[in-house]
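Asks:
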Ligand code: CTP
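Numbering (the numbering used here), first residue to last: 77 to 473.
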């Protein structure tokens, strides 16, 4: 959901600063990069070393650090982020923001930016309830600043009431919601992924080596760009992404049903490695060895999900994207496949064993469109997904 997102995290001075450490972990787990800024007061509660170890990057602390200014000026620091999160946001920091003050790195960054800002306030219940704080909050809301929390509960100071900072996962959800307004906001997209399993009998099945990695990365990138994603997955090795509707299926026939149930959609991305055949009359009881007699399996062709959707008479998605796994003559085979199935684009990849692509983390694809082919350099599956999501956003306008 947050893949590729850049978060500037300002950690203010409050006991809740320890939760900011977990927040960094949670954001990074979801693919975001976190650039931490620690205020002087924040540094009294958590150490720069813990913060930078968890963020995997340098922590910025001083407005007048000439080394930092030489590397990345404070103006640049605040503008290169997709979102600025202040957690904990103290009463003091909020007062400075509301008053437009800039006397340290955090407040200067906040004044120098037009990037969206999300505050997770944390303070004593009386400070929260004070007229001055409430006035500042109203001002900040009027300025378009977002808020998450605070929660009510027991406070570290022994009092009870609103003022506890939201939990890290609540802040993550607020971050996701805030960033959801991407180029694909309002678009609904179905993605198929993973292998299918075609039963032979109750304990055996036919499958293939698809890990589901590329389809999962695509669903994640599309959701990250704001799309509403229905993720129809066969039994894959990788976990489905967060922030998408997951529909788990086993067979090709179930996958087709799930895709049809997801319609109408603006786009369909068919990344699943669907089994071409299923075993007819898959037994309901286990096939037993019978004195050297070999079982004979009879096959039927599975429905072609990509072709079915591509050739819909009414309600066809605006954009249908298929995949082609080829071992030779990649472009020629994939171009023919595009025409045969009737989809708009084919993402073709060379899966000859020497490439290490099947089951690997990298991919080298050629995007086949009506007006020609475009060869992409070898890159990670996450980057392929990101680029494809950008192209889909352009195509859906
Ligand atoms: N596809 C599908 N339903 C099927 C088979 C394939 O939706 N029953 C989709 C896949 O998800 C993929 C594309 O069609 O988008 C791949 O087409 P396919 O003809 O299966 O190509 P390959 O797997 O590359 O195999 P072949 O070269 O044998 O045609």
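Heads up, the beta-carbon is just placed ideally off N, CA and C, and yes, glycines get one too.
Hey, out of 186, 171, 237 and 321, whose CA is closest to residue 305's CA?
Replies: Numbered from 1 along the chain shown, position 229 holds the residue referred to as residue 305. The residue with the shortest Cα to Cα distance from residue 305 is 321.
Asks: Over the uninterrupted beta strand (DSSP E) stretch that includes residue 82, give me the two end residues.
Replies: Locating residue 82 in the chain shown gives position 6, counting from the first residue. Run containing residue 82: 82-87, per the beta strand (DSSP E) assignment.
Asks: Check for me: the beta strand (DSSP E) holding residue 127 runs from which residue to which?
Replies: Residue numbering aside, residue 127 sits at position 51 when the chain shown is read from its first letter. No beta strand (DSSP E) contains residue 127, which is instead part of the alpha helix (DSSP H) from 124-131.
Asks: Evaluate contact between the segment 194-203 and the segment 234-252, counting only Cβ atoms and requiring at least three cross-stretch pairs below 8 Å.
Replies: Yes, since at least three Cβ pairs between the segment 194-203 and the segment 234-252 fall closer than 8 Å, the two stretches touch.
Asks: Roughly how far, in whole angstroms, is the beta-carbon of residue 302 from the beta-carbon of residue 259, given that I think they are within contact range, below 8 Å?
Replies: One-based indexing of the chain shown puts residue 302 at position 226. One-based indexing of the chain shown puts residue 259 at position 183. Correct: roughly 7 Å between the Cβ atoms.
Asks: At a cut-off of 6 Å, is residue 295 close to ligand 1 when judged by its beta-carbon and the heavy atoms of the ligand?
Replies: Here residue 295 refers to the residue found at position 219 of the chain shown. Incorrect: residue 295 has no Cβ contact closer than 6 Å to ligand 1.
Asks: Just list the alpha helix (DSSP H) runs in the segment 398-431, keeping only unbroken ones of 4 residues or longer that don't cross its boundaries, in chain order.
Replies: Taking only runs of at least 4 residues, the alpha helix (DSSP H) segments lying wholly in the segment 398-431 are 406-417.
Asks: Residue 98 lies in the alpha helix (DSSP H); which residues open and close that run?
Replies: Sequence index remark: in the chain shown, residue 98 carries index 22 (1-based). 93-105 is the extent of the alpha helix (DSSP H) around residue 98.
Asks: How close, in whole Å, do the beta carbons of residue 80 and residue 107 come, if the pair is a contact with beta carbons under 8 Å?
Replies: In the chain shown, counting from the first residue as 1, residue 80 sits at position 4. In the chain shown, counting from the first residue as 1, residue 107 sits at position 31. Confirmed, Cβ separation roughly 6 Å.
Asks: Residue 334 to residue 293, Cα distance in whole Å?
Replies: Taking the chain shown and counting its residues from 1, one reaches residue 334 at position 258. Taking the chain shown and counting its residues from 1, one reaches residue 293 at position 217. Rounded to the nearest angstrom, the two C-alpha atoms are 20 Å apart.
Asks: Where in the segment 173-241 do unbroken runs of the alpha helix (DSSP H), each at least 4 residues long, occur, reported from the N-terminal end onward?
Replies: Qualifying alpha helix (DSSP H) stretches, in chain order: 181-187, 201-205 and 207-218.
Asks: Grouping DSSP H, G and I as helix and E and B as strand, with all else coil, what is residue 454?
Replies: If you number the chain shown from 1, residue 454 lands on position 378. DSSP places residue 454 in coil when its eight states are reduced to three.
Asks: Per the DSSP calculation, residue 264 is bridged to which residue(s)?
Replies: The residue given as residue 264 occupies position 188 in the chain shown. DSSP output for residue 264 lists 304 as bridge partner(s).
Asks: Leaving out five residues before and five after residue 339 in sequence, what residues of the same chain have Cβ atoms less than 7 Å from its Cβ?
Replies: The residue labelled residue 339 in the question sits at position 263 within the chain shown. The answer, listed in chain order, is 391.
Asks: Quick check: is any heavy atom of ligand 1 less than 6 Å from the C-beta of residue 380?
Replies: One-based indexing of the chain shown puts residue 380 at position 304. Under cutoff, so the answer is yes.
Asks: With DSSP run on the structure shown, which of helix, strand or coil describes residue 135?
Replies: As a position in the chain shown, residue 135 is number 59, starting the count at 1. Coil.
Asks: Looking at residue 457: is its Cβ nearer than 7 Å to the Cβ of residue 295?
Replies: Counted from its first residue, the chain shown places residue 457 at position 381. Counted from its first residue, the chain shown places residue 295 at position 219. Contact flag unset, no.
Asks: Quick check: residue 159 and residue 264, are their CB atoms within less than 7 Å of each other?
Replies: Within the chain shown, residue 159 is the residue found at index 83, counting from 1. Within the chain shown, residue 264 is the residue found at index 188, counting from 1. Not closer than 7 Å, so no.
Asks: Distance, Cα to Cα, residue 129 vs residue 433?
Replies: Numbered from 1 along the chain shown, position 53 holds the residue referred to as residue 129. Numbered from 1 along the chain shown, position 357 holds the residue referred to as residue 433. Those two C-alpha atoms are separated by around 32 Å.
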